[in-house]
Structures are given as C-alpha cells and as structure tokens.
Amino acid sequence: MSADQLRESAAAPPRWNPTTAWNNQLRQLSKQRQYREALTLYRHMLRSSFFPNTFTFPFLLKSCAFLSLPLAASQLHAHVIRTGSQPDPYTRSSLINTYAKCSLHHHARKVFDEMPNPTICYNAMISGYSFNSKPLHAVCLFRKMRREEEDGLDVDVNVNAVTLLSLVSGCSVATHLTIGVCLHGCCVRFGFVTDLAVANSLVTMYVKCGEVELARKVFDEMLVRDLITWNAMISGYAQNGHARCVLEVYSEMKLSGVSADAVTLLGVMSACANLGAQGIGREVEREIERRGFGCNPFLRNALVNMYARCGNLTRAREVFDRSGEKSVVSWTAIIGGYGIHGHGEVALELFDEMVESAVRPDKTVFVSVLSACSHAGLTDRGLEYFKEMERKYGLQPGPEHYSCVVDLLGRAGRLEEAVNLIKSMKVKPDGAVWGALLGACKIHKNAEIAELAFQHVVELEPTNIGYYVLLSNIYTDANNLEGVSRVRVMMRERKLRKDPGYSYVEYKGKMNLFYSGDLSHPQTKQIYRMLDELESLVKEVHPPNEKCQGRSEELLIGTGVHSEKLAIAFALLNTKSGTEITVMKNLRVCVDCHLFIKLVSKIVNRQFIVRDATRFHHFRDGICSCKDYW
DNA sequence: CTAGGGTTAG
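Read left to right, the first sequence gives residues 12 to 641 (the working numbering).
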C-alpha cells in the first residue's frame with residue numbers, strides 16, 4: 012500500500028473502498044435534497060485526494076441541475092473527461108440533463124452527439140428540449156429515436172413512458188398546443204395513455220395551454236387516478252379561473268378516498284379567494300392546521316390572499332404577521348389586499364416596510380402598489396412610485412404597469428397626460444392600457460379622447476364587449492344618439508352579446524346566485540319584501556333623481572331590480588348583524604347600485620363589500636342553472 | 001431520464 016493510500020484511509024476511516032464511502036454520503040445528501048451540501052462535500056473529497064468513479068458524478072450533476080449552476084456543471088464535465096475512461100450512460104444522461112436544466116441545451120446536445128445513445132440519454136435530451144420549451148427539437152429527436160429503435164443496431168433504444176412524458180411536458184404554452192395534441196395521439200398509438208404518469212402529464216399539458224375542457228376529458232377517461240392527477244386537475248381549474256370547478260373536483264376527490272396534500276389545498280384556497288368564499292376558506296384553513304401544513308409558505312400566502320380578497324383584512328393581517336419568512340409574494344398579497352379595499356396609505360406603508368426589510372420588489376408587487384394608489388386617489392404618490400420603479404429598482408415597466416398609471420391619471424381627470432404617457436411608451440400598449448383610458452373617459456365624460464382610445468382598443472381586443480358597452484354609454488351621456496347606434500351596429504355585425512349580469516353571495520358554504528329580476532330563489536318572497544323595505548328607507552334619506560355632491564355620489568339611485576340588490580337583500584335576511592357581507596358580481600357593479608349600496612350600508616349599519624369579478628373567468632363555467640347552488 | 005404549487009390592474 013502506498014503512503015498516499017495509507018494517509019487517505021486514515022483521514023476518512025471507511026470500511027474498504029474510500030470512494031464507495033464518499034459516494035454513499037453523496038447519495039444520502041442527494042436523497043435529502045441537500046444539494047449545496049453535496050457540492051461542498053465534493054470539494055472536501057477533492058482535497059483529500061480520492062478517485063471519483065462512475066457512481067460519483069450523477070449525484071453531483073443532479074445538484075448542479077437543481078441549483079442551476081452552469082459553471083460548476085462544466086467543471087464537473089471536465090473532471091469526468093479527466094478520469095480518462097468513457098463515461099457510462101448514467102453519467103452522460105446526467106450531463107445532458109444538467110446542461111439542459113442550466114438552459115444550455117446546445118452543450119447538452121454536444122454531449123449527446125459524441126457517441127451512440129441508449130434510451131436514457133435519448134430521454135434526457137428530449138426532456139432537456141422540453142424543459143427549454145423547444146418541443147419541435149424534442150419531436151425531431153423522437154423521430155430519430157424511433158428510426159434507431161426499428162433499425163435495432165448495436166445500441167439498445169426503446170421508446171418508453173418516460174420518453175412520452177418528457178415530450179408531452181414540453182408543450183406547456185398555448186402556442187405549442189398543436190404539437191401537444193399530436194403527441195397525445197402518439198401516446199394513444201403507442202399504448203401509453205394507460206400509463207398513469209403519461210396521462211398525468213397530458214392533463215398538465217392541456218391545463219397549461221389553457222385548455223381545461225381537454226384536460227378534463229383526459230382526466231375523465233382515466234381509470235386509475237393518484238394524488239398528482241387530482242392536483243393537476245384542481246390547480247388547473249384554479250389557474251384558469253374556474254373556481255367553482257375546483258370546489259367540485261375537490262369534493263369528488265374526498266369521496267374517492269385520496270387524501271389531499273398541501274398542493275391540493277393551495278388550489279382550493281386560491282379558488283376560495285377568487286370566489287370570495289370565506290366560509291369555505293376557513294374550513295380549508297382548519298384542514299391545513301389539522302394536517303400540519305401550517306408552516307407551508309405557499310399556503311400561508313394563499314391564505315393571506317384569500318382573507319384579503321374576501322375583505323377580512325384583520326384576519327389577513329394576522330396570518331401575514333404570523334408568517335415567519337416573508338417573500339415578495341407574501342408582501343404582494345397583503346399590499347394588494349389593502350389596495351383593493353381602498354386603503355392606499357396602508358398599502359404604501361407596507362411597501363416601504365417591505366423595502367426596509369431588504370426584500371427586493373418585483374414587477375408584480377408594483378402592479379399592486381400602483382393600483383392601490385389609483386383606488387385610493389393617491390395620484391402623485393403613485394406617479395412617484397412609478398418613476399422609482401425604473402430609476403431605483405431597475406425594473407422595466409410593462410403594459411400592465413402603464414395601464415395602472417393611465418388609470419391613475421385618468422381617474423384624476425388628467426386625460427391629456429394619460430394620452431401622452433401612452434404615446435411615450437417604449438413597449439407596445441395592449442388593450443388594457445387603452446381600455447383604462449376609455450374607462451377614464453367614461454368618468455370624465457370626454458367623448459373625443461374616448462373615440463381615440465376605442466379605435467385602438469377594438470383593434471387589440473375586438474371581441475371584448477365591455478369596451479363597446481363603455482363607448483356606447485359615453486355617447487349616451489353626451490347625447491350622441493348617432494354614436495350609440497353606430498356602436499350597436501358594430502356589436503351586431505360582430506355578433507357580440509352581453510353576458511347577463513348576476514351577483515352571488517356565499518352562505519353556509521353554498522353560492523346563492525341572482526340575475527336581475529330573478530324569481531327563482533326559494534326565498535324569493537322574503538327577499539322582495541326586504542328589498543321593498545330597503546328601497547323605501549333609501550328614498551326617505553335620499554329622494555330619487557336628486558343629484559349629490561362629490562364624485563361617487565353623482566349617480567342616481569336606480570329603480571331596477573338589479574342582481575346586486577337581490578344579493579344584498581338575501582344576505583340581510585340570512586346573516587347576523589355585525590358580520591360583513593361580500594357580494595360577488597360577474598360584470599362591473601351596476602352604476603345605479605353604488606349609491607344604493609352605500610346608503611343601505613349606512614341605514615342598516617352593516618359593511619358591504621361588492622367585489623368586481625370581471626377579471627375572473629368562473630362566470631364562464633356555466634353558472635346557469637341556479638338550482639345547483641342553494 | 002420521470003407528471004402537481006403562492007402574488008398581478010382594467
């Protein structure tokens with residue numbers, strides 16, 4: 012035994028082969044996902060002159076892949092080459108995978124092209140292309156793989172479930188949907204749709220492309236489902252705004268005997284936030300505590316968001332204050348919460364606090380900050396923050412920020428400034444930017460700028476009826492009847508129809524849904540009696556057709572049986588005094604109702620929160636038959 | 001080589 016070897020065995024007292032002992036430690040660390048520690052250990056290993064073998068590198072490469080460390084990866088690659096012997100398939104597939112995960116798919120391909128490849132290397136390269144969203148590259152390689160499989164030459168190549176799974180997961184944006192559909196066909200032809208993991212990846216693929224119906228079809232055809240399947244479907248519905256479907260699938264899941272985990276509850280919580288379903292949200296919170304997920308930062312943020320959106324700022328703040336580590340996402344949730352409900356000052360204070368606590372603001376949090384300013388009428392402070400965004404934090408404002416600032420200026424009546432801001436934009440304004448301007452024109456009755464805004468907005472979003480309605484209303488205010496009929500003709504030509512407006516209130520875990528003039532609710536009689544009473548009380552304090560002072564009170568009290576009014580009457584009938592009432596509205600809250608709600612709130616001394624759910628999609632998932640919901 | 005996760009105006 013050489014002196015070196017003796018010294019080595021003394022330094023680390025392993026049983027027989029020192030390399031095996033080191034490798035075992037690496038395996039342990041890798042299993043426990045302690046990737047940084049694995050790399051540190053490797054540094055120790057190098058210092059104590061050991062000889063890495065074929066089992067050493069895959070663990071280390073996996074660590075680099077997870078931590079996305081391209082430099083460390085290429086160093087390791089050099090070490091692999093230095094060992095002299097040809098790398099085995101496992102090491103090569105790890106190299107390919109690591110380069111791909113570091114977004115270096117060209118390097119990965121170089122490794123791939125060095126020699127003939129067995130199945131795992133093909134799979135690694137295919138999944139690498141998918142990871143970098145290059146599904147066409149992946150498909151080309153798949154074709155090559157099939158040819159080699161058929162030739163049956165010296166290397167063992169077999170298309171397997173992992174191959175298809177990797178291919179499918181590469182089509183996770185809508186632009187790649189066509190390829191995804193073809194690959195779905197491949198999965199069927201090759202007999203892999205029955206494979207659980209493959210089917211799961213198909214569900215996920217469709218969900219990410221925004222095709223929830225197709226995802227649901229795959230989901231329904233599956234004979235076996237595991238936790239991943241349910242989660243893919245639940246979070247898929249949640250991400251695409253189909254909040255009610257989330258709750259449906261969740262209860263189906265509970266019936267099927269699969270128990271939920273943190274990911275499931277996250278999807279459910281986000282659905283509750285979008286529905287304003289605080290009661291269900293509370294139940295889920297209890298479930299979270301019971302299952303011991305209370306510390307999960309994802310869930311805590313979702314919880315803060317849910318309470319904030321439902322108007323329960325006290326509870327949102329409690330949960331927020333009690334979370335230990337606060338990320339930008341946590342701050343965004345709480346800032347947005349105060350912003351939505353008009354507490355702009357608090358939102359800005361929180362933002363400053365966030366900066367002080369050394370959390371770097373991102374683009375998203377600025378959207379919340381700017382919109383908080385515009386909700387609270389803090390025009391100039393909003394503009395300051397907008398400037399700071401680029402100057403102080405180096406964040407390029409996107410169209411989503413410009414639309415907030417246009418809204419900010421627009422609400423303050425500074426329409427020309429808003430127009431100039433749009434003209435000065437470096438990025439192309441989207442529909443939302445012009446739409447915000449159009450909305451401002453409605454408030455300040457400026458038909459001229461409205462026409463300019465409308466021209467742009469119909470070009471960008473020709474099917475968004477909201478804008479047609481807005482312009483038509485602006486013309487109505489300006490007594491421009493010719494304009495009104497022109498817009499009507501446009502809408503008819505383009506076959507656009509307005510969705511019926513409806514409102515709903517969550518009560519005892521059920522959605523109570525109302526259309527305007529609705530007579531189908533079981534409590535209809537009491538509701539209308541209550542509404543009559545409210546109307547006469549309101550007329551007492553505020554005689555009809557009398558204009559009021561101030562911006563939001565310019566409006567008259569409408570006499571129609573609006574869905575919001577029915578929802579409020581229902582809530583007053585059924586809930587205890589002192590509790591807040593959250594009413595959800597699919598379209599913008601009817602202007603006639605603003606004052607009505609405000610006055611009723613004063614008269615009965617209850618707080619109402621009417622949430623504008625315009626941007627949520629759940630009104631599209633067929634809330635049509637009210638019977639299912641009460 | 002291997003499927004699921006929080007925040008975003010109008």
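C-beta atoms are modelled at their ideal positions from N, C-alpha and C, and glycine is treated no differently. Predicted model, so just to flag it, every value in this text is computed and none were measured.
Below 8 Å, too few C-beta pairs join the stretch 91-106 and the stretch 137-150 to call them touching: fewer than three. Between the stretch 407-424 and the stretch 445-455 there are three or more inter-stretch CB-CB distances shorter than 8 Å, so the stretches are counted as touching.
Taking I137 as the centre and dropping the five residues before and after it, the same chain places the C-beta of A149, L152, F153, T174, S177, L178 closer than 7 Å to its C-beta, in chain order. Taken in chain order, the complete alpha helix (DSSP H) segments of 4 residues or longer contained in the stretch 25-66 are 29-42, 46-58. With respect to G221, A185 sits close: the two C-beta atoms are nearer than 8 Å. Here C306 is exposed. Its C-beta has fewer than 16 other C-beta atoms within 10 Å. Short of 7 Å from the beta carbon of F68, and not among the five residues preceding or following it, lie these beta carbons of its own chain, in chain order: L87, V91, T102, S105. Apart from the 5 residues on each side of it in sequence, A83 sits with its Cβ closer than 6 Å to the Cβ of C75 in its chain, given in chain order. DSSP places E517 within a strand segment (E or B) once states are collapsed to three. With a contact defined as Cβ atoms closer than 8 Å, S267 and M216 miss out at about 23 Å.
Pairing K596 with R617, the inter-Cα distance amounts to about 19 Å. The three-state reading of DSSP puts F331 in helix, counting H, G and I together. Contact annotation: A208 and A172 have beta-carbon atoms nearer than 8 Å. For T375, the enclosing alpha helix (DSSP H) stretches over residues 374-387.
Rounded to whole angstroms, the separation of the alpha carbons of E232 and A423 is 54 Å.
Pairing G348 with G252, the inter-Cα distance amounts to about 18 Å. Beyond the five residues adjoining it in sequence on each side, F201 comes within less than 8 Å, by CB distance, of V170, L175 in the same chain, given in chain order. The alpha-carbon of E160 is positioned some 49 Å away from that of Q407.
Note on V594: 16 or more other CB atoms within 10 angstroms of its CB, so buried under the neighbour-count rule. Note that the C-beta distance between L359 and T390 is not below 8 Å.
Closest in C-alpha terms to S527, from the list A580, G95, V611, comes A580.
For the stretch 412-444, not one full-length beta strand (DSSP E) segment reaches 3 residues or more. From the listed residues I476, G589, A319, T275, the smallest Cα separation to I351 is found for A319.
In the three-state DSSP reduction, L234 falls in the coil class, being neither helix nor strand. Nearest to M501 by alpha-carbon distance, out of Y478, P29, H386, is Y478.
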